[in-house]
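Student:
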Amino acid sequence: MSNPNPNPNIYIVVDQESEEDSEETEESEEDSEEEEQEESIPVMESPRVSGKDGEKGVEGRICSSLGESGENSQGKEWNRGDIDGLFCPICLEAWTTIGDHHVCCLPCGHIFGFSCICKWLQQRGTTRKCPQCNRKCTLKDVRKLFASWVVAIDGESQQIIRSLKAKCISLEKKSADLSNKDAEWRKREVEWKKREAVLQQELHQLKEKTNFLEQLLDVQSGKSGRAPSMGGYQVQSLGHSPGSEFNGQGPFILQAAAWSCSWDLNNSHQIYAGLQNGSLLVFDLRQTARPMESVNGLTSNPVHTIHSLHNSIAPSRVTAILSASSVGICQWSFGGSEERPFLLSETGYQGVCISLSYCPISDNIIASYRPRIDFPNEMASSQPLLTPLIGRGVQGSHVHLKRAGSNSYQKLGVTCANVNDIRLPRSTIMNIENHGCLFASGDELTGELVLQELPSFTVVQRLKLPKHPIHDVKYAQAFNGGLLGCLSEDILQLFRNRDLK
């Protein structure tokens, strides 16, 4: 037997009649079933059921309505799933909630239009059955339904919907994760760009420092090498002016080996060279064929140090030069009537002059001396020794002078110092803010770089150096204060002002 309730639509029955009458009627109908089958009761034709077709026509229409697919009055194809719960299965027209075609149902649960099912039962006479399940029923069993549409849930559709919802949730989660990752990568990109900018700035600063260090070196090394382009001469001194440009003019023709050199502080085109024979040459970079001037010294001792003096005291057309040799400090003047050099008598007899320092800002001058010793042919040798001598520490002195006029100097103090007995070490004067003037020199006994305050020569700091001996010391104003450079053997060590306590 087929399912008594194949219709998936559920309705709420508001008006119910007493079931007792229907039960009695069913019993009476069962007793007279055979008689009713033989009799034929005429039934009026329903406007919804074709009279020409008769019973077969109605059954055919009902059968077609129960089929899986069919064709409507407009010739369009339809299937049962599309019309279940929407049309009366007898007339295939939509039922209503009022009027003759009111939606109603039989005890078996099948739903029809009221007028259609009543006429159907009247036409069947005594063999009144449900058009769909053939269960016996009567006109009294017809119940009108008063309810709104209730749509049955499609399990397969619900499963698809749930699957699609799960996919949507998953995609939303993935989209949120991708958004978070994108935001994180953008944040990292911003940080990387900031880091790149910092590195670019550091690179620029390092390049500036490199350029500055290239300009800073003014080394007179006791461990000199030979340069093939210099014609085999030994390099004794190297000077560079940060504010000048030098495009490789030369080489300059010298009558003797050069022991020192210096730029002119008042004329960027001029340089000075101190020779081994005690003379001094003046060169113009715009004319390198020959020196502009060549002046013989007071002695034939090599000129190991040259400093150009600032012309704030001397007349603007006169250029003054300080040089140092073993006999002492000598001043040279160019551009004036008096051009012969003269020794500075303010230093007195201290021994052999081995170093000279000058600060153009404060006009402070420090000359270093060692005791005179017997060294055969010390100053008369025309060629330097191939093997550099290290020497040993001896007791020497530092003499502090200050320029008082164009040709006059004032002696401010003298102090003892540990100096080398053979080599010619270098020293420098630093003008540091909040520290005044400091004098930097090497201690030959301890191997330290000693900083002394001027004019008292009070030791303010001792700097440890990785190697000994000290060949050269230079100071330059730069980078929010200045840099102190110390050359010892093959190591150049730099100190900043904040390293100086």
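With the UniProt record's numbering applied, the sequence shown covers 1 to 501. Beta carbons: idealized from backbone N, C-alpha and C, even for Gly.
Report all residues from its chain with a CB closer than 6 Å to the CB of residue 115; omit the five preceding and five following residues, and keep chain order.
Tutor: Taking the first residue of the sequence shown as 1, we reach residue 115 at position 115. Hits under 6 Å: 100, 101.
Student: Looking at the strands, I want to know which residues DSSP matches up with residue 263.
Tutor: Position 263 of the sequence shown, counted from the first residue, corresponds to residue 263. Its beta-bridge partners are 271.
Student: Taking residue 470 as the reference, which of 451, 172, 426 has the closest Cα?
Tutor: Taking the sequence shown and counting its residues from 1, one reaches residue 470 at position 470. Ranking 451, 172, 426 by Cα distance to residue 470 puts 426 first.
Student: Enumerate, from N- to C-terminal direction, the unbroken alpha helix (DSSP H) stretches of 4 or more residues contained entirely within the stretch 396 to 423.
Tutor: List check, alpha helix (DSSP H) in window: nothing returned.
Student: Please go through the same chain and pick out, in chain order, the residues whose beta-carbon is closer than 6 Å to the beta-carbon of residue 343, but skip the five residues on each side of it.
Tutor: Within the sequence shown, the letter at position 343 stands for residue 343. Closer than 6 Å at Cβ, skipping near neighbours: 328, 330.
Student: Give the range of the alpha helix (DSSP H) segment to which residue 121 is assigned.
Tutor: In the sequence shown, the residue the question calls residue 121 occupies position 121. Residue 121 -> alpha helix (DSSP H) spans 114 to 124.
Student: Going by beta-carbon coordinates alone, are residue 347 and residue 323 separated by less than 8 Å?
Tutor: For the purposes of this step, residue 347 is identified with residue 347 of the sequence shown, where counting begins at 1. For the purposes of this step, residue 323 is identified with residue 323 of the sequence shown, where counting begins at 1. Not a contact, by the Cβ cut-off of 8 Å.
Student: Measuring alpha carbon to alpha carbon, tell me which of 460, 433, 419 ends up nearest residue 442.
Tutor: The count along the sequence shown starts at 1 and reaches residue 442 at position 442. Closest by alpha carbon: 419.
Student: Are residue 502 and residue 494 close, meaning C-beta to C-beta below 8 Å?
Tutor: Since the displayed the chain opens at 1 and closes at 501, residue 502 lies outside it and no answer follows.
Student: Using alpha carbons as the reference points, say which of 195, 491, 477, 409 lies closest to residue 429.
Tutor: Residue numbering aside, residue 429 sits at position 429 when the sequence shown is read from its first letter. Checked all of 195, 491, 477, 409; the closest Cα to residue 429 is 477.
Student: Provide the residue span of the beta strand (DSSP E) that contains residue 306, from first to last.
Tutor: The residue you call residue 306 lines up with position 306 of the sequence shown. 305 to 308 is the extent of the beta strand (DSSP E) around residue 306.
Student: With distances taken Cα to Cα, identify the nearest neighbour of residue 448 among 254, 466, 197, 433.
Tutor: For this step, residue 448 is matched to residue 448 along the sequence shown. Closest by alpha carbon: 466.
Student: By Cβ distance below 6 Å, which residues in the same chain neighbour residue 365 in space, the five residues on each side in sequence not counted?
Tutor: As a first step, residue 365 must be located in the sequence shown, where it is residue number 365. Excluding sequence neighbours, residue 365 sits near 358, 401.
Student: What would DSSP say about residue 88, mapped onto helix, strand or coil?
Tutor: Looking up residue 88 in the sequence shown gives position 88. Residue 88 falls in the coil class under three-state DSSP.
Student: Can you say whether residue 459 is buried or exposed, counting buried as having 16 or more other CB atoms within 10 angstroms of its CB?
Tutor: One-based indexing of the sequence shown puts residue 459 at position 459. It counts as exposed.
Student: Could you check if residue 192 is buried or exposed, using at least 16 other CB atoms within 10 Å of its CB as the buried criterion?
Tutor: Within the sequence shown, residue 192 is the residue found at index 192, counting from 1. With fewer than 16 Cβ atoms within 10 Å of its Cβ, residue 192 is classed as exposed.
Student: Using a 10 Å radius around the Cβ and a threshold of 16 neighbouring Cβ atoms, would you call residue 317 buried or exposed?
Tutor: The residue labelled residue 317 in the question sits at position 317 within the sequence shown. By the 10 Å Cβ count, residue 317 comes out exposed.
Student: Just grab the DSSP bridge partners of residue 284 for me.
Tutor: Along the sequence shown, one-based indexing puts residue 284 at 284. In DSSP, residue 284 forms a bridge with 270, 287.
Student: Check the DSSP bridge columns for residue 472 and list the partner residues they point to.
Tutor: Start at 1 with the first residue of the sequence shown, and residue 472 comes out as number 472. Residue 472 is bridged to 487.
Student: Kindly list the residues whose CB is nearer than 6 Å to the CB of residue 334, restricted to its own chain and excluding five residues on each side of it in sequence; keep chain order.
Tutor: By 1-based counting over the sequence shown, the position of residue 334 is 334. So the list reads 319, once near-sequence residues are dropped.
Student: Just verifying my parser: in three-state terms, what is the DSSP assignment at residue 190?
Tutor: Position 190 of the sequence shown holds residue 190. The answer is helix: DSSP assigns residue 190 an H, G or I state.
Student: My output table needs one value for residue 128: the three-state DSSP class, helix, strand or coil.
Tutor: Working through the sequence shown from its first residue, we reach residue 128 at position 128. Looking at residue 128 - three-state DSSP - the assignment turns out to be coil, as it is neither helix nor strand.
Student: Taking its Cβ as the centre, do 16 or more other Cβ atoms sit within 10 Å of residue 205, making it buried, or is it exposed?
Tutor: Position 205 of the sequence shown, counting from 1, holds the residue named residue 205. Result: exposed.
Student: Look up residue 101 in the DSSP assignment and say whether it is helix, strand or coil.
Tutor: Translated into the one-based positions of the sequence shown, residue 101 becomes position 101. Three-state DSSP puts residue 101 in coil, outside helix and strand.
Student: Using the C-alpha atoms, what's the distance from residue 279 back to residue 273?
Tutor: In the sequence shown, the residue the question calls residue 273 occupies position 273. In the sequence shown, the residue the question calls residue 279 occupies position 279. Their backbone Cα atoms lie some 9 Å apart in a straight line.
Student: Given this structure, state the Cα-to-Cα distance separating residue 15 from residue 166, to the nearest angstrom.
Tutor: Taking the sequence shown and counting its residues from 1, one reaches residue 15 at position 15. Taking the sequence shown and counting its residues from 1, one reaches residue 166 at position 166. Because the pLDDT of residue 15 is 38, which lies under 50, any placement of that residue in the model is unreliable, and the number read from its coordinates should be weighed accordingly. Cα to Cα, residue 15 sits roughly 44 Å from residue 166.
Student: Just to confirm, are residue 440 and residue 451 a CB contact at a threshold of 8 Å?
Tutor: Along the sequence shown, read from residue 1 onward, the residue named residue 440 stands at position 440. Along the sequence shown, read from residue 1 onward, the residue named residue 451 stands at position 451. Yes, Cβ-Cβ distance for residue 440 and residue 451 is below 8 Å.
Student: If residue 106 and residue 130 are in contact, beta carbons under 8 Å, what's the gap, nearest whole angstrom?
Tutor: Looking up residue 106 in the sequence shown gives position 106. Looking up residue 130 in the sequence shown gives position 130. With a Cβ gap of about 5 Å, residue 106 and residue 130 count as contacting.
Student: In three-state terms, what does DSSP make of residue 169?
Tutor: Here residue 169 corresponds to residue number 169 of the sequence shown, with the count starting at 1. Correct three-state label for residue 169: helix.
Student: Taking the beta strand (DSSP E) that residue 361 falls in, what are its first and last residues?
Tutor: Position 361 of the sequence shown, counted from the first residue, corresponds to residue 361. Taken as a continuous stretch (DSSP letters only), residue 361 belongs to no beta strand (DSSP E), as it is neither H nor E.
Student: Rounded to whole angstroms, what is the Cα-Cα separation between residue 111 and residue 164?
Tutor: Taking the sequence shown and counting its residues from 1, the one referred to as residue 111 is at position 111. Taking the sequence shown and counting its residues from 1, the one referred to as residue 164 is at position 164. Each residue's alpha carbon lies about 35 Å from the other.
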